[in-house]
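Right, one structure below, let's go through it.
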Amino acid sequence: MVDSSKTPDNNLINNLVRKDVLNMVPYQSARREQSGGSCWLNANEAGNSNDLSVNLQNLNRYPDFQPQQLISAYADYAGVDNSQVLATRGADEGIEVLIRTFCESNAGTSDSIIICPPTYGMYAISAKGHAANIITVPLTKDLQLNLDGLSENKDNAKIVFICSPNNPTGDVINRDDIISTLELFKDSALVVVDEAYIEFCPELSTVALLNDYPNLVILRTLSKAFALAGLRCGFTLASNKIIEMMAKIIAPYPISNPVSAIACQALTTDLAVMQQRVDSTNQLNQHIASFLDAQPWLVKQFSSKTNYILFQADNAQQIFAALVEQGVLIRNQSSQLGLNNCLRVSIGSIEELELFKSAINNFNRNSNRYSVINNQEVRP
Ligand SMILES: Cc1ncc(COP(=O)(O)O)c(C=O)c1O
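The opening residue of the sequence shown carries number 89 in the numbering used here; numbering runs sequentially from there.
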């Protein structure tokens with residue numbers, strides 16, 4: 089056991105580490121932010137696990153850099169060419185590799201990315217980790233792109249991140265606005281459309297635009313509709329030139345053999361299982377939307393095309409704390425730009441959502457507030 093009193097003075101590390109990293113606040117992932125609880129509805133994962141098996145032979149060998157079977161399986165699934173696919177450790181690694189590949193990070197002259205908050209937090213964190221600059225062009229009041237704001241920054245950035253459907257708000261970004269953005273930046277920047285949740289509304293994917301726009305990059309993942317968040321497997325779709333450049337920067341063996349085998353199974357023989365999960369998640373989404381609509385404290389519910397719903401309450405912190413006390417973890421999004429008093433609940437399993445509903449009912453009972461259906465108070 090190391091005697092911690094003899095470990096070197098932290099001053100050494102404080103002096104060695106990049107100054108911006110010393111002061112950086114890390115991404116508050118659901119697992120980092122909250123531990124414990126028995127009902128996890130805070131990370132937009134599927135509620136039930138997959139029933140998959142894997143051969144654990146040959147672990148003495150390094151895997152292929154980009155396992156061809158996996159690349160073909162995803163290319164077939166997404167309707168693109170093999171040369172347009174890069175497999176990564178989750179979509180998160182795609183974000184990071186894009187920034188490391190395309191943004192210079194030199195003191196004082198770093199390149200910039202554009203983010204459109206409220207949105208997924210990892211674009212900013214990955215940029216900070218690479219000492220790239222961040223230009224913020226907030227979404228409009230109706231949670232769409234601010235095209236004037238983007239236009240003002242036409243020549244200032246290397247990458248524009250658009251999340252569609254957007255996390256945490258849940259709705260898609262208008263396709264015409266994505267096309268306008270691709271046109272706007274066609275000679276100056278990559279436009280990255282993060283489609284982590286696209287399986288819940290596949291008809292709204294931008295994948296068909298890849299042929300027309302060489303500056304389009306699409307991020308995908310197996311963490312959501314495929315119920316494989318623990319596997320860490322995602323994909324970047326883009327022109328073969330972009331993929332070739334990213335392949336120079338990504339780690340030499342990002343996808344382990346077991347990950348590749350499980351992902352291949354999910355993308356071929358088990359595709360129908362994913363489709364059933366999406367159908368039942370979409371139904372449960374409507375069920376939870378009706379439940380939330382009846383809540384006496386509800387200020388607003390955001391339209392959702394995903395496996396989560398964002399809602400605004402008149403007392404978000406109290407609801408959040410009451411749920412944590414009952415072991416039900418959801419996500420408080422109140423610190424995000426424009427999302428004061430907003431909470432996000434993931435559409436987990438039927439059992440998890442029943443726990444969520446009864447925890448809310450308990451909270452209502454304890455605070456003497458009751459559901460309102462057709463203008464009538466309903467006492468459980
Ligand atoms: C919009 C968005 N993009 C990317 C990710 C990261 O996905 P992965 O688990 O594939 O790294 C998430 C995870 O919550 C997300 O919400």
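Glycine included, each C-beta is placed from N, C-alpha and C at the ideal position.
Exercise. For the candidate residues Ala447, Ser455, Leu427, whose alpha-carbon lies nearest to that of threonine 228?
Worked result: As a position in the sequence shown, residue 228 is number 140, starting the count at 1. Out of Ala447, Ser455, Leu427, Leu427 has the C-alpha closest to the C-alpha of threonine 228.
Problem set entry | Top-ranked residue by Cα proximity to isoleucine 343, from Gly182, Tyr115, Ser117, Ala131 | Within the sequence shown, the letter at position 255 stands for residue 343. Ranking Gly182, Tyr115, Ser117, Ala131 by Cα distance to isoleucine 343 puts Gly182 first.
Exercise. Taking the continuous beta strand (DSSP E) assigned at isoleucine 306, which residues delimit it?
Worked result: Numbered from its first residue, the sequence shown carries residue 306 at position 218. Per DSSP, isoleucine 306 belongs to the beta strand (DSSP E) from 304-309.
Problem set entry | Simplified DSSP state of leucine 441, which is helix, strand or coil | Translated into positions along the sequence shown, residue 441 becomes position 353. If DSSP states are grouped into helix, strand and coil, leucine 441 belongs with the helices.
Problem set entry | Contacting residues, own chain, Cβ-Cβ under 7 Å from threonine 356 (five flanking each side not counted) | As a working mapping, residue 356 is identified with position 268 in the sequence shown. Ala161.
For this session: Indicate whether isoleucine 202 and isoleucine 223 have their beta-carbon atoms separated by less than 7 Å.
Result: Residue 202 sits at position 114 when you count from the first residue of the sequence shown. Residue 223 sits at position 135 when you count from the first residue of the sequence shown. Going by C-beta atoms, isoleucine 202 is nearer than 7 Å to isoleucine 223.
Exercise. If you check the beta carbons only, do leucine 129 and isoleucine 376 fall under 7 Å apart?
Worked result: Here residue 129 corresponds to residue number 41 of the sequence shown, with the count starting at 1. Here residue 376 corresponds to residue number 288 of the sequence shown, with the count starting at 1. Against a cut-off of 7 Å, the Cβ pair of isoleucine 376 and leucine 129 comes out as no contact.
Exercise. Straight-line CA distance for glutamate 291 to asparagine 241?
Worked result: Reading the sequence shown from its first residue, position 203 is the one you call residue 291. Reading the sequence shown from its first residue, position 153 is the one you call residue 241. Going by the C-alpha atoms only, they are around 30 Å apart.
Problem set entry | Heavy atom of ligand 1 within 6 Å of glycine 322 beta-carbon | Working through the sequence shown from its first residue, we reach residue 322 at position 234. Yes, the Cβ of glycine 322 comes within 6 Å of a heavy atom of ligand 1.
For this session: Could you tell me the distance, in whole angstroms, from the CA atom of aspartate 152 to the CA atom of threonine 324?
Result: Numbered from 1 along the sequence shown, position 64 holds the residue referred to as residue 152. Numbered from 1 along the sequence shown, position 236 holds the residue referred to as residue 324. Pairing aspartate 152 with threonine 324, the inter-Cα distance amounts to about 17 Å.
For this session: Put phenylalanine 390 into one of helix, strand or coil per three-state DSSP.
Result: Your numbering for residue 390 matches position 302 in the sequence shown. If DSSP states are grouped into helix, strand and coil, phenylalanine 390 belongs with coil.
For this session: Would you list the one or two residues that DSSP bridges to aspartate 282?
Result: Your numbering for residue 282 matches position 194 in the sequence shown. Note: aspartate 282 sits in a beta bridge opposite Cys251, Leu307.
Exercise. From alanine 335 to alanine 326, what does the alpha carbon distance come to, in whole angstroms?
Worked result: Position 247 of the sequence shown, counting from 1, holds the residue named residue 335. Position 238 of the sequence shown, counting from 1, holds the residue named residue 326. So the alpha carbons of these two residues sit roughly 12 Å apart.
Problem set entry | Cutoff 8 Å; reference glutamate 439; Cβ partners in own chain excluding five residues on either side | One-based indexing of the sequence shown puts residue 439 at position 351. So the qualifying residues of the chain are Gly135.
Exercise. Heavy atom of ligand 1 less than 6 Å from the Cβ of tyrosine 208, yes or no?
Worked result: Locating residue 208 in the sequence shown gives position 120, counting from the first residue. Flag set: Cβ of tyrosine 208 near ligand 1.
Exercise. So is threonine 207 in contact with chain C if we call contact Cβ pairs under 7 Å?
Worked result: Going by chain labels, chain C is absent from the structure shown, which holds only one protein chain.
Exercise. What residues are listed by DSSP as bridge partners for cysteine 430?
Worked result: Taking the sequence shown and counting its residues from 1, the one referred to as residue 430 is at position 342. In the DSSP assignment, the residues bridged to cysteine 430 are Gln400.
Problem set entry | Residue from Arg119, Arg177, Ile267, Leu386 with nearest C-alpha to alanine 339 | Translated into positions along the sequence shown, residue 339 becomes position 251. Nearest to alanine 339 by alpha-carbon distance, out of Arg119, Arg177, Ile267, Leu386, is Arg177.
For this session: Let me know the secondary structure DSSP gives serine 200 once reduced to three states.
Result: Position 112 of the sequence shown, counted from the first residue, corresponds to residue 200. If DSSP states are grouped into helix, strand and coil, serine 200 belongs with the strands.
Exercise. Given a threshold of 16 other Cβ atoms within 10 Å of its Cβ, counted over all protein chains shown, does isoleucine 101 qualify as buried or as exposed?
Worked result: Position 13 of the sequence shown, counted from the start, is the residue given in the question as residue 101. The residue in question, isoleucine 101, is exposed, as its Cβ has fewer than 16 Cβ neighbours within 10 Å.
Exercise. Does any heavy atom of ligand 1 sit closer than 6 Å to the C-beta of asparagine 81?
Worked result: Residue 81 lies beyond the range of the chain shown here (89 to 468); nothing can be said about it.
Exercise. Going straight from the alpha carbon of isoleucine 286 to that of serine 293, what length do you get?
Worked result: On the sequence shown, position 198 is the one that residue 286 refers to. On the sequence shown, position 205 is the one that residue 293 refers to. When rounded, the distance between both Cα atoms is 6 Å.
For this session: Examine the Cβ distances between the stretch 270-281 and the stretch 296-307 and report whether three or more of them are shorter than 8 Å.
Result: yes
Exercise. For methionine 362, does the count of other Cβ atoms within 10 angstroms reach 16, so buried, or fall short, so exposed?
Worked result: Within the sequence shown, numbered from 1, the residue matching residue 362 stands at position 274. Methionine 362 is buried by the Cβ-count criterion.
For this session: Indicate whether the contact test is met: 3 or more Cβ pairs, each with one atom in the stretch 311-319 and one in the stretch 110-124, closer than 8 Å.
Result: no
Problem set entry | Residues near methionine 112 by beta carbon distance below 7 Å, same chain, minus five either side | Position 24 of the sequence shown, counted from the first residue, corresponds to residue 112. Same-chain partners within the cutoff: Lys216.
Exercise. Ligand 1 heavy atoms versus the CB of cysteine 472: any closer than 6 Å?
Worked result: Residue 472 lies beyond the range of the chain shown here (89 to 468); nothing can be said about it.
Exercise. Thinking C-alpha only, which one of Phe444, Leu238, Ile397, Ser423 is nearest glutamine 414?
Worked result: As a position in the sequence shown, residue 414 is number 326, starting the count at 1. Cα-wise, what sits closest to glutamine 414 is Phe444.
Problem set entry | alpha helix (DSSP H) segments (min. 4 residues) lying fully within the stretch 307-373 | For the stretch 307-373, the continuous alpha helix (DSSP H) assignments of 4+ residues that do not extend past its boundaries occur at 328-337, 345-355, in sequence order.
Problem set entry | Sufficient close CB pairs (3 or more, under 8 Å) joining the stretch 390-408 to the stretch 364-379 | yes
Exercise. Count the other CB atoms within 10 Å of the CB of proline 114; is the residue buried (16 or more) or exposed (fewer)?
Worked result: By 1-based counting over the sequence shown, the position of residue 114 is 26. Classification for proline 114: exposed.
For this session: With a 10 Å radius around its C-beta and 16 neighbouring C-beta atoms as the bar for buried, classify valine 433 as buried or exposed.
Result: Stepping through the sequence shown from its first residue, residue 433 is reached at position 345. Here valine 433 is buried, its C-beta having at least 16 other C-beta atoms within 10 Å.
Exercise. Is there at least one non-hydrogen atom of ligand 1 closer than 6 Å to the beta-carbon of alanine 284?
Worked result: Walking along the sequence shown from the start, residue 284 turns up at place 196. The answer is yes for alanine 284.
Exercise. Tell me the DSSP bridge mates of leucine 417?
Worked result: In the sequence shown, the residue the question calls residue 417 occupies position 329. According to DSSP, which records beta bridges pairwise, leucine 417 is partnered with Trp128.
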